[in-house]
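Student: First the structure, which I've put down as structure tokens, then a few questions once you've had a look.
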Amino acid sequence: MNFSAQLQHQINFKTKPLGALGKLESLAFQIGTIQQSLQPQLRKPVIIVFAGDHGITEAGVSSYPQAVTQQMVLNFLYGGAAINVFCKQHTIDLKIVDAGVNFDFPENPALINHKIRKSTNNFLDQPAMTASELELCFEKSKALIKEIAENGSNVIGFGEMGIGNTSSATMLMSVLCELPIEDCVGRGTGLNDEQLSQKTAILKQAKALYPSLTSPEAVLQTFG
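Mapping of the sequence shown onto the working numbering: residues 12 to 235, in sequence order.
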């Protein structure tokens, strides 16, 4: 019997009707497969929220100003956001990372300062980041994950905060998946029809400026 069959047998023959736990059973199978264990365990779960500002907000793609990013980070730090409640209820360690907020936060033991720069560039004018800035993002994030893993965590979740983030996500999805902007763009923070049309037009204009991106890293550097 191969490992997958052993794991499924282990799940099926718990003291319960077959399939009675529904989605939990498929999750248990997935986690067991990842860990290659018939008794998988989630140890010291952590959620990391990366916060950063996006230069494309200058073009009017969001209904909220860039300053909302810093306000939300402060909300995270003072325990007032939904993610704080979720983590508290489920005993998950929450880490907040300043990866590029356009604001200088005071020293706070709950904030990890990995600021690469204050906001990305407006990708209507130039790539969001330089190649060296992108590499620094990778280096800092890898070091953080390594530190968390060495402290005993084997499950890490990720979140993000930054006004303009759905515009960046739209560009990444559109270019990497070779999809039209219209199939990827959304209302973000609650845009009305007119604002959504404006956002779509702006992002289509931006995509046309960079027709020759050939690697995921180049796409991330340009629009991330």
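Don't be surprised by glycine CBs; every beta carbon is placed ideally from N, CA and C. This one's a predicted model, so the numbers in the text were calculated from it and none came from an experiment.
1) On the criterion of 16 or more Cβ atoms from any shown chain inside 10 Å, does Leu220 qualify as buried, or is it exposed?
2) Are the CB atoms of Thr233 and Phe149 nearer to each other than 9 Å?
3) In the DSSP output, what is Leu105 paired with across the bridge?
4) Go through its chain and collect everything with a Cβ distance to Asn165's Cβ below 8 Å, but skip five positions before and after it.
5) Nearest-angstrom Cα distance between Asp115 and Glu158?
6) Tell me the DSSP secondary structure of Gly43 in three-state form.
7) Which same chain residues end up closer than 6 Å to Leu147 when comparing Cβ atoms and leaving out the 5 residues on each side of it in sequence?
8) Buried or exposed for Cys188, going by 16 or more other Cβ atoms inside 10 Å?
9) From the DSSP secondary-structure annotation, give me the bridge partner or partners of Leu214.
10) Please return the same chain residues whose Cβ sits closer than 8 Å to the Cβ of Gly168, not counting the five positions on each side in sequence.
11) Taking Ile94 as part of the alpha helix (DSSP H), name the residues at either end of that continuous run.
12) Within its chain, find whatever has a CB closer than 6 Å to the CB of Cys195; leave out the 5 residues flanking it on each side and keep chain order.
13) Using a Cβ-Cβ cut-off of 6 Å (strictly less than) and excluding sequence neighbours within five positions of Glu144, which residues of its own chain qualify?
14) Under a three-way DSSP split, which group does Ile127 fall into?
15) From the DSSP output, in three-state form, read off Leu122 for me.
16) With 16 other CB atoms within 10 Å as the buried threshold, where does Leu105 fall?
17) Run through DSSP, which three-state label would Met172 get?
18) Would you say Ser130 lies against chain D (beta-carbon separation less than 9 Å)?
19) Taking the beta carbon of Ser48 as the centre, do at least 16 other beta carbons fall within 10 Å, making it buried, or is it exposed?
20) Could you tell me which residues DSSP puts in a beta bridge with Gly63?
21) Rounded to the nearest angstrom, what separates Ser15 and Gly199 at their Cα positions?
Tutor: So, from the listed chains and residues:
1) Looking at its Cβ environment, which holds fewer than 16 other Cβ atoms inside 10 Å, Leu220 is exposed.
2) Cβ distance not < 9 Å, so Thr233 and Phe149 don't count as in contact.
3) Note: Leu105 sits in a beta bridge opposite Ile58.
4) Within the same chain, Gln46, Gln52, Leu53, Arg54 and Lys55 come within 8 Å of Asn165 by CB-CB distance, once the 5 residues on both sides are set aside.
5) If you take the alpha carbons of Asp115 and Glu158, they lie about 25 Å apart.
6) Of the three classes helix, strand and coil, the one that applies to Gly43 here is helix, per DSSP.
7) The residues are Ile127.
8) Residue environment for Cys188: exposed (fewer than 16 other C-beta atoms within 10 angstroms of its C-beta).
9) Answer by DSSP bridge pairing: none, since Leu214 is not bridged.
10) Cβ neighbours of Gly168 within its own chain (closer than 8 Å, five residues either side excluded): Pro56, Val57, Ile58, Ile59 and Ile103.
11) If you look at Ile94, you'll find it in the alpha helix (DSSP H) that goes Ala93 to Gln100.
12) If you ignore the 5 residues before and after Cys195, its C-beta comes within less than 6 Å of the C-beta of Thr181, Met184 and Ser185, all in its own chain and listed in chain order.
13) Hits under 6 Å: Ile127.
14) DSSP places Ile127 outside both helix and strand once states are collapsed to three, so it counts as coil.
15) Strand at Leu122.
16) Burial is judged here by how many other beta carbons sit within 10 angstroms of a residue's own beta carbon; Leu105 has at least 16 and is buried.
17) The three-state secondary structure of Met172, taken from DSSP, is strand.
18) In the structure shown, chain D cannot be found, because there is only a single protein chain.
19) Answer is exposed; the Cβ neighbour count stays below 16.
20) Gly63 has Gly111 as its beta-bridge partners, per DSSP.
21) Rounded to the nearest angstrom, the two C-alpha atoms are 40 Å apart.
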